[in-house]
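One structure is given here, and the rest of the page talks about it.
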């Protein structure tokens, strides 16, 4: 704490209470809240869609919904979860809230553009809601041509338009984060004193800024073909449907890193705090983040091993996919080593972080199968792939998002959440998740194709297990929604630093004032300056590259 | 004086200026990749259908294209002069140059509109009744319409930004000298120009290699 | 509900290789996972708050060596797996003696297959065990994917472009055929059965089939039906390129460029005749895209390829 709180100074939540003061705010913290409300809504819409899908799959026959409805449901689930929940999840909420706080700034570099990001997201979201009203879309979230351009009867234009617009929201957020990190660091906050979360946001922003425009252009071409009849991908007029896949995956593989890099940042903050230990190998963690972001741009072809691309392309993309596994593995090793000689406690955020470690590791290791061309030929477009990317995106990214939400909940709202309920939800989620998705690895290897409305009866056992797990998982997701909302109306004040954490964000009040700090903070030493109880006080490390 | 141009969270105008310029460069990187996707597609199809692209490229209007290239490059010049003049406190010159930029930009769009009309009269929109039969000719014109269309949208966006500078400087004569918006707008305008300089050979010159 | 099934038959040479690769990576991955979980649990128990374990700082040099150590180890493991599977997976055999070429046309939502002798099937495919099979596949509409889990093989089937899948079945029995690329409303009903039979059973089965025309015969009929010979026959009055001996040979185009008359070239010549004009001819041929569907075009191509080079017997 930097001295006493000035008398009568409101925190950001009380700094204006009209609807106008929220909808036209340029405060990054309020914009983060606006994003959080919107993505929570979409999380449950996407969740509802997949709940019906999982209910349908309990029996091998298509007896609950029609095939067309089924196809629309999984498409809606994919589009909403990818573009309207996962991609904005950590960056637009926690990132928006924390990035300026963590580097000691009053706001992001361009506050009005930050607000514009939210309005663009909402415009895209309105298109998506319109798509739902117009009867949905059945192309799968991948919009593969020529199905999407010439055969689908769904509202492809509206759906693609929504994704296109929300893409500009993430580009602007990325530009804002990059400029902020470069220009608004408080005195003493050198590059190699940045918390890993800030580095993760920085790496994510690079991917957002450089990959999203390619998706935008690809969707423009799809829309031009469907709407105006311009033959970009139409094979009957000389177009190449594989070109679409190349352009699409050039964005959509890096998009996976837009989802997982922020999660890695969150987990780095949580593990250090609850292990009371400095991050093991800080600089290696930074290099690994940047390496993942860079190599991630060159592996898209591994989505196309069976598409008919050349065998040499398959080999190159396979090799690069193995290489991108290396920095991911290094991060897992470093988190584990951070626990060594720590003083570990098991609050809910830490449980989520442990869950992340286990599930992300399984997700990453199953990636090795998919990088191996002959195995990928067998399991691509089966439930094996479905399980793999859910381990990364749900087991990894969503666990980290919820862990981060609990960890910073006292900072964001000023209130404590009920610890016992939170631990219970975290554990329930871990078991529900594994029950849902582990059977999918098995049935995928046995040949169960994805996006199947009816399926051969020998797979039913696995589908029943998976649907049962999904019910547990659904309940586990509803729990935090309930107790976090209730906690808002209790009087359990959190205090500025309930976890005794070391980041700059904990040096201001909870909730922070409009301009974040009552006095500009100065950073005297390296991040994660934790000293485990009982151990000797660690001396200031200078070898960690303060020079930058 | 400088405080008037300072937006939160900035406390120092120089730093704000750096951030705005830097942010614009990052955004331009994004724009380059937006067009990069189109250029990649164009290159692949040109390799597949070199004959069709040659035949189709011959049909674009070289007159309109060349005049528009000259107009856009001149507008970049006036934009650059406007920036220099603003920094040298020659505010009248700066405003005049901005207006010239705006005028040239509008002229570009008008000529582009006439060119589109001519193209449509010649039936050069892919679909039924397309006059060229060579394989890939329709694909060439698909790229033509999307590339020039998106470029025109960018010109329109740039014009809106230039117009904002003109209006703000009309309200307050000193504004141009202190604001950080001028350089960002200029950067964006130059990018739009550079993209056109790539489009011009791809769409107008490539089909005329052998006369 | 049928009982739990944990294994999938290995019905091709490739299936065995894939399973071995799968097990090897399972071993490596499992070892890494166990190591990590072991360390994680050990640290959690040993260093939970309140234990008396030592908690001093680590020497900086030590942590650096560890970092370099496990970075190198991970790179080594990654390169090892890559090197191993590249070495282990043999390139698919090309044009083996006795290879059976079967044409597959995919459309929303069925599989049409045609044997060299002309026998046709829908949503099923009978093949003899131990015989090298080559499937030549095209789609009539959207992208589909030919997936036989028992063979561990999958290949996307693209509109107008043909793709091939080569394998040798090693086990008799009935196996699932799935469409693995989402292709519309009834995607999940675009399934079929692959029946692998002994050679004698296959021969018997083939004899029982109604004697449809072979693909070449069918192409010949279509050639007559569409009146191709009016221009392309050797004694025609119209100045049109001759088709005999054309397939697989280089063709000089009017642009001066040279094209190879492969399947793609022949297909384009039928569907978009004005795309590539052969040197010395005028662009007078209309497109047959409206009258010939995908399987017609395949048949025509097969017929053109069967035409003897002048002076040489077929």
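Residue numbers (our numbering), protein chains in the order written: chain A, 43 to 590; chain B, 438 to 648; chain C, 60 to 373. We treat Cβ as the ideally placed atom computed from N, Cα and C, and that holds for glycine.
Contact fails between the segment 152 to 159 of chain A and the segment 188 to 198 of chain A, because fewer than three Cβ pairs, one in each stretch, are under 8 angstroms apart.
With a cutoff of 7 angstroms on beta-carbon distance, residue 574 of chain B and residue 493 of chain B are scored as near each other.
Taking a contact as a CB-CB distance under 8 angstroms, the pair residue 427 of chain A and residue 421 of chain A counts as one, their CB atoms being some 6 angstroms apart.
By the Cβ-count criterion, residue 495 of chain A is buried, with 16 or more other Cβ atoms from all chains shown falling within 10 Å of its own Cβ.
As a beta-bridge residue in DSSP terms, residue 256 of chain C pairs with C:187.
Counted as a single uninterrupted DSSP element, the beta strand (DSSP E) harbouring residue 181 of chain C occupies residues 179 to 181.
With a 10 Å radius around the Cβ and a threshold of 16 neighbouring Cβ atoms, residue 482 of chain A comes out buried. Counting C-beta pairs with one atom in each stretch, the segment 307 to 327 of chain A and the segment 389 to 399 of chain A have three or more that are closer than 8 angstroms, which means they touch. In the structure shown, the three-state DSSP call for residue 195 of chain A is coil. Bounds of any beta strand (DSSP E) do not take in residue 168 of chain A; it lies within the alpha helix (DSSP H) bounded by 153 to 175.
Residue pairing for residue 160 of chain C: DSSP places it in a beta bridge opposite C:193.
Chain order gives the chain A residues near residue 213 of chain C as 348, 419, 420, 422 and 423, where near means a beta carbon separation below 8 angstroms.
For the segment 102 to 123 of chain A, the set of residues with a beta-carbon nearer than 7 angstroms to any beta-carbon of chain C comprises 109, 110 and 113, in chain order. Shown here for residue 339 of chain C: not one same chain residue has a beta carbon closer than 6 angstroms to its own, the five before and five after excluded. For residue 260 of chain C, the nearest beta carbon of chain A is not closer than 7 angstroms to its own beta carbon. Proximity to residue 62 of chain A across A:73, A:53 and A:52 peaks at A:73, based on C-alpha coordinates.
Any Cβ of chain A closer than 7 angstroms to the Cβ of residue 558 of chain B would place that residue at the interface, and such an atom is absent. The beta carbon of residue 253 of chain C sits closer than 6 angstroms to the beta carbons of 184, 207, 234 and 236 from its chain, once the five residues preceding and following it are set aside; these are given in chain order.
With respect to residue 301 of chain A, residue 515 of chain A sits apart: the two C-beta atoms are not nearer than 7 angstroms. Inclusion of residue 225 of chain A and residue 456 of chain B in the CB contact set at 7 angstroms is warranted, their separation being smaller than that value. Going by C-alpha positions, residue 305 of chain A is about 14 angstroms away from residue 314 of chain A.
Beta-bridge pairing by DSSP links residue 165 of chain C to C:170 and C:198.
Per DSSP, reduced to three states, the secondary structure at residue 318 of chain C is strand. Per the Cβ contact rule, the segment 192 to 211 of chain C is in contact with the segment 65 to 79 of chain C (3 or more Cβ pairs under 8 angstroms).
Distance from the CA of residue 65 of chain C to the CA of residue 345 of chain C, rounded to the nearest whole angstrom, comes to 56 angstroms. When the alpha-carbon of residue 146 of chain C is set against those of C:80, C:196 and C:336, the nearest one is in C:80. Between residue 570 of chain A and residue 183 of chain A, the alpha-carbon positions lie close to 40 angstroms from each other. Using beta-carbon distances, residue 203 of chain A does not count as an interface residue toward chain B, since no partner is under 7 angstroms.
When C-alpha distances from residue 320 of chain C are compared across C:334, C:332, C:314 and C:305, the shortest belongs to C:305. For residue 585 of chain B, no beta strand (DSSP E) run applies; the uninterrupted alpha helix (DSSP H) run containing it begins and ends at 574 to 608, by DSSP. DSSP, reduced to helix, strand and coil, places residue 486 of chain A within a helical segment of the structure shown. With a threshold of 16 other beta carbon atoms within 10 Å, residue 120 of chain C falls short and is exposed. Contact between residue 461 of chain B and residue 624 of chain B holds: their C-beta atoms lie close to 5 angstroms from each other, under 8 angstroms. Between residue 542 of chain B and residue 512 of chain B, the C-beta gap is smaller than 7 angstroms, which places the two residues in contact.
Residue pairing for residue 235 of chain C: DSSP places it in a beta bridge opposite C:252. A straight line joining the alpha-carbon of residue 235 of chain A with that of residue 495 of chain B spans about 58 angstroms.
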